[in-house]
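Chemist:
There are 2 protein chains.
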Amino acid sequence: MSTRLRFSYADLHQTIAHGVRQIIASDFQFDVILAIGGGGFIPARILRTYVEKPLIAISLARYHPDEPPSDIPFKLQWVEGVNNMITGKRVLLVDEVDDERTTLAFAIGELLAENPAEIGVFVMHNKLKPKKAVFPQTVKHVFVGKDIEDVWVDYPWDARDIVQHERDAAKGGVLEVDEAEAKAAYRN
Amino acid sequence: MSTRLRFSYADLHQTIAHGVRQIIASDFQFDVILAIGGGGFIPARILRTYVEKPLIAISLARYHPDEPPSDIPFKLQWVEGVNNMITGKRVLLVDEVDDERTTLAFAIGELLAENPAEIGVFVMHNKLKPKKAVFPQTVKHVFVGKDIEDVWVDYPWDARDIVQHERDAAKGGVLEVDEAEAKAAYRN
């Protein structure tokens, strides 16, 4: 058995709105929203509803499809053609979750080569757990929608049966489920 | 007063799942999902849950921020750096709605210059109304999650108050609202 958190779409939308209020209350100004796809696509698009900034995307995959598994994410889509919105600009990088921080740290490290004026980070969820990387000193603003415990999260957009997912979320969203069943019910 | 349709997140997720079943039942094979941002980000990310294909994005804005309004969308982000996933490949282009078809027709026209093997189209909603463009003959597969009447749609991701939005959607989702109030409550 495995513990799962299941949040409704509306709950996550509110979590993002909560995080945005922190951005607005801070002194962080930014020029562009940069989503890290696939996971950051939906949070970034919701965030954009609350801040009038252009939204662009990169896409990172855990592994290159044709190569052996590696700890280094693979750049499915990078910043070619939108460098002018990165270099010298203040970028708000958006992802769904800060888990072990591998993806975020990789993205920030690679983005620094583009010489942005500043990088801020927005994550919908931060898992309270040891991280495999620290944010570089140039990252002075990290916004978190919500801190969560270190258990597996099933996101609504990964649900094959969204009606069942929203029902589970409405009942509190903490479930003890059979591992194989959960794997079949969600994309991840 | 103005008529508005308000769909819940879960309803739209189901609409996309319904559209995906049409793709699977068709003879259309594709190599990559190409989201048209910002509107197509969320539908494309949900669609990816049901099909194991890489997801990349372009981003089109209605107008260039520094230039006078125009009928021609502005390429905020285009396919530089991901041309190898377009040229000679079969692309599934994804957007939230086929309204007057301006954005879709523009995107397809420009993508054809990259010489894809094929372009298919997936829209979550198709508005039953006259279109300002026809799809070129090379587009042989157009998948529609749901046909809807020609009224304004307030999407959940554009809601400033998602709790109110989901409540409206649960009550049937057809509202007669004050135009100014609706404009304040939604991003668009």
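Going down the list, the sequences are from chains A and B. Residues in the first sequence are numbered from 314 upward in steps of one, following the numbering used here. Residues in the second sequence are numbered from 314 upward in steps of one, following the numbering used here. Yeah, the Cβ is synthetic: ideal placement off N, Cα and C, and Gly gets one too.
1) Identify the continuous alpha helix (DSSP H) that holds glutamate 409 of chain A and give its terminal residues.
2) Could you check if glycine 401 of chain A is buried or exposed, using at least 16 other CB atoms within 10 Å of its CB as the buried criterion?
3) How about valine 447 of chain A and valine 434 of chain A: do their beta carbons lie closer than 8 Å?
4) Which residue's Cα is closest to the Cα of methionine 437 of chain B: B/Lys445, B/Asp344, B/Trp391 and B/Asp412?
5) Taking a cut of 8 Å between CB atoms, which residues from the region 354 to 385 of chain A lie near chain B?
6) Beta-carbon of isoleucine 399 of chain A versus every beta-carbon of chain B: anything under 8 Å?
7) Given that a residue counts as buried once 16 or more other Cβ atoms are within 10 Å of its Cβ, and exposed if not, what is alanine 483 of chain A?
8) DSSP three-state label for tryptophan 470 of chain B, please.
9) In the DSSP assignment, the alpha helix (DSSP H) including glycine 486 of chain A goes from what residue to what residue?
10) Let me make sure I understand the geometry here. Which of A/Val476, A/Leu417, A/Lys440 and A/Val333 has the alpha-carbon closest to that of phenylalanine 387 of chain A?
11) Residues of chain A with a CB under 7 Å from the CB of isoleucine 475 of chain B: which are they?
12) Which of the three DSSP states is assigned to isoleucine 385 of chain A in this structure?
13) Going straight from the alpha carbon of alanine 497 of chain A to that of proline 381 of chain B, what length do you get?
14) Give me the chain C residues within the contact set of leucine 389 of chain A, using Cβ-Cβ distance strictly less than 9 Å, ordered along the chain.
15) Using a Cβ cut-off of 8 Å (strictly closer), state whether tryptophan 465 of chain B contacts chain A.
16) Are the region 354 to 368 of chain A and the region 326 to 343 of chain B touching by the rule of at least three beta carbon pairs closer than 8 Å?
17) Using the Cβ count rule (16 or more neighbours within 10 Å means buried), how would you classify serine 502 of chain B?
18) Give the secondary structure of glycine 278 of chain A by DSSP, where H, G and I count as helix, E and B as strand, and everything else as coil.
19) Valine 392 of chain B and isoleucine 399 of chain B look like a contact to me (Cβ under 8 Å); what is the Cβ gap, rounded to whole Å?
Modeler: On the basis of the supplied data:
1) Unbroken run through glutamate 409 of chain A is the beta strand (DSSP E), 403 to 411; no alpha helix (DSSP H).
2) exposed
3) no
4) B/Asp412
5) Phe354, Ile355, Ala357, Arg358, Ile359, Arg361, Thr362, Tyr363, Pro367, Leu368, Ile369, Ala370, Ser372, Ala374 and Pro378
6) no
7) exposed
8) helix
9) No alpha helix (DSSP H) contains glycine 486 of chain A, which DSSP labels as neither H nor E.
10) A/Leu417
11) Ala323, His326 and Gln327
12) coil
13) 50 Å
14) Among the chains of the structure shown, chain C does not appear; the protein chains present are A and B.
15) no
16) no
17) Residue 502 of chain B lies beyond the residue range present for chain B, which begins at 314 and ends at 501; the question has no answer from this structure.
18) The shown model of chain A, from 314 to 501, leaves out residue 278 of chain A, and the question about it has no answer.
19) 5 Å
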